[in-house]
Every structure is written in C-alpha cells, then in structure tokens.
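Plus 672 on top of the position in the sequence shown (first one is 1) and you've got this note's numbering. Have a look at the structure below, then the notes.
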Amino acid sequence: MVLAKGEVSEVKGLMLRGGRSVGGRYVADWRTFRPVVDASKCRKCWLCVMYCPEGAIGRGEEGAVIDLRFCKGCGICANECPAGAIEMVREE
Ligand code: SF4
Ligand code: SF4
C-alpha cells in the first residue's frame with residue numbers, strides 16, 4: 673500500500689502515515705514508558721535527536737521536543753542524554 677504524504681490509514685492495527693522516513697508508524701500504543709524532557713537541564717547537544725531510532729525527537733527553542741505519536745518508549749534517548757535531562761516514566 674502506498675500512501676500520499678500526510679495521508680493516514682489504519683492497516684493491521686498500526687497507524688501508518690505517508691511521507692515518514694522510518695516506516696511512518698504511530699507507535700504510541702506499544703509504549704509502557706514515555707520520555708519526559710526537563711528543559712531546564714537540556715544542553716541542546718542533540719545527541720538524543722541523533723540516537724532516536726524513530727526520528728521522534730525535534731530541536732526546539734527550549735530543548736529537545738519529543739513527538740509521542742512516534743515514540744516507542746525504548747529509552748535510548750534517556751540513556752544517551754549526557755545531562756540527565758530525559759526521564760522515562762511509566763504510562764498510566
Ligand atoms: S541529549 Fe539531553 S541534553 Fe542533549 S539535546 Fe537531548 S535532552 Fe537535551
Ligand atoms: S524513548 Fe526511544 S523512541 Fe522514544 S524518543 Fe526516546 S529514543 Fe526515541
């Protein structure tokens with residue numbers, strides 16, 4: 673199935689979005705933990721942006737910004753952050 677950029681379709685329980693570089697998957701439903709950024713600690717080194725396997729982290733004015741629609745909760749960003757600015761918290 674080919675989706676146009678920005679088009680959203682549900683396939684086999686996954687939400688797919690065309691134009692997304694890493695499969696375009698909405699993965700939020702898989703997550704048991706989610707990352708929370710403490711902007712006061714963020715040094716804007718952008719290591720988390722480089723390491724995130726889902727491309728879910730952007731460069732914001734105040735620091736890293738995580739798009740939770742695409743975050744699978746792997747915790748790599750929290751592990752790699754040299755400032756301890758990302759905490760993984762359990763989803764409720
Ligand atoms: S790795 Fe940590 S300090 Fe660096 S941009 Fe990401 S949240 Fe900020
Ligand atoms: S928890 Fe994993 S998928 Fe989510 S933002 Fe961090 S590195 Fe990316």
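Glycine is no exception: its CB is placed at the ideal position from the N, C-alpha and C atoms.
* So, Phe742 versus Glu764, is the Cβ gap smaller than 8 Å? -> In the sequence shown, counting from the first residue as 1, residue 742 sits at position 70. In the sequence shown, counting from the first residue as 1, residue 764 sits at position 92. It is not a contact, given that the beta carbons lie outside the stated cut-off.
**Request:** Could you pull out every residue in the same chain whose Cβ sits closer than 7 Å to the Cβ of Trp718, ignoring the five residues on either side in sequence?
**Result:** The count along the sequence shown starts at 1 and reaches residue 718 at position 46. Excluding positions up to five away in sequence, the list reads Arg731.
Does DSSP classify Glu763 as helix, strand or coil? Taking the first residue of the sequence shown as position 1, residue 763 is located at position 91. Reduced to three states, the DSSP call for Glu763 is coil.
query = What is the residue span of the beta strand (DSSP E) that Ala736 lies within?
reply = Looking up residue 736 in the sequence shown gives position 64. Looking at the DSSP string, the run of the beta strand (DSSP E) that includes Ala736 is Gly735 to Ile738.
Thinking just about the alpha-carbon of each residue, which of Tyr698, Ala757 and Pro707 is nearest to the one in Gly765?
-> An answer regarding residue 765 cannot be provided, because it is not within the stretch 673 to 764 covered by the chain.
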